[in-house]
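Heads up: the sequence shown begins at 1160 in my numbering, then just goes up one per residue.
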Amino acid sequence: MRGGICWPRFEGRDVGMVGCAVMCGQDVDSGIIRVFEQCEFAVIDHIVTPEGLIEIEGLAPWFNMCWSRYMARKFYYSSSHTETHRKYLLEVLRSKMIEPKPEFIEVFFGDSDDMTHTLCSRIQERKFQHRAEDQL
């Protein structure tokens, strides 16, 4: 079981800052990769109102759920936005809500079109599966 993180980026006025995290597993016999969990997020720790109500849900509980459910704490990320990664990495390491701390493994992508082509090929070959109602 391994995860992947795309740290939040500004996606326009209507959308704002959006990031995505996934937890996947690969069947070693068939080679099929299955998405078990996924989550869109904008912050690491919850943002709460002065009354203590959660205003924006953070990613921190999701990391803990991945650890408790799958014993998985390794997540891949792309290094194309170094400062963005450093900012969110520090937030994760400083978060009192996340325990144990996840590990992040850097992946180098040459061209995003190559990555998209590979993913689309795996989906067509039925080697990449996710719930129909989920958007990647």
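C-beta atoms are modelled at their ideal positions from N, C-alpha and C, and glycine is treated no differently.
Using a Cβ-Cβ cutoff of less than 7 Å, which residues in the same chain neighbour residue i once the five nearest sequence positions on both sides are dropped?
i, result
"residue 1216", "1205"
"residue 1286", "1190, 1191, 1192"
Within this structure, are the beta carbons of residue i and residue j separated by less than 8 Å?
i, j, result
"residue 1258", "residue 1203", "no"
"residue 1247", "residue 1266", "no"
"residue 1214", "residue 1207", "yes"
"residue 1225", "residue 1219", "no"
State the start and end residues of the unbroken beta strand (DSSP E) segment that holds residue i.
i, result
"residue 1265", "1262-1266"
"residue 1238", "Segment: none, residue 1238 is in no beta strand (DSSP E) and carries neither H nor E."
"residue 1152", "Outside the displayed span of the chain (1160 to 1295) sits residue 1152, for which this structure offers no information."
"residue 1167", "1161-1169"
"residue 1182", "1176-1185"
At the level of alpha carbons, what is the spacing between residue i and residue j?
i, j, result
"residue 1166", "residue 1175", "13 Å"
"residue 1284", "residue 1187", "16 Å"
"residue 1268", "residue 1162", "16 Å"
Could you give the first and the last residue of the continuous alpha helix (DSSP H) run that contains residue i?
i, result
"residue 1220", "1219-1229"
"residue 1242", "1241-1253"
"residue 1296", "Absent from the model: residue 1296. The displayed extent of the chain is 1160 to 1295, so no value can be given."
Once you ignore the five residues that flank residue i on each side, which residues in its own chain have a CB closer than 6 Å to its CB?
i, result
"residue 1194", "1181, 1183, 1289"
Output yes if chain B places a C-beta closer than 8 Å to the C-beta of residue i; else output no.
i, result
"residue 1180", "The structure shown has no chain B; it contains just one protein chain."
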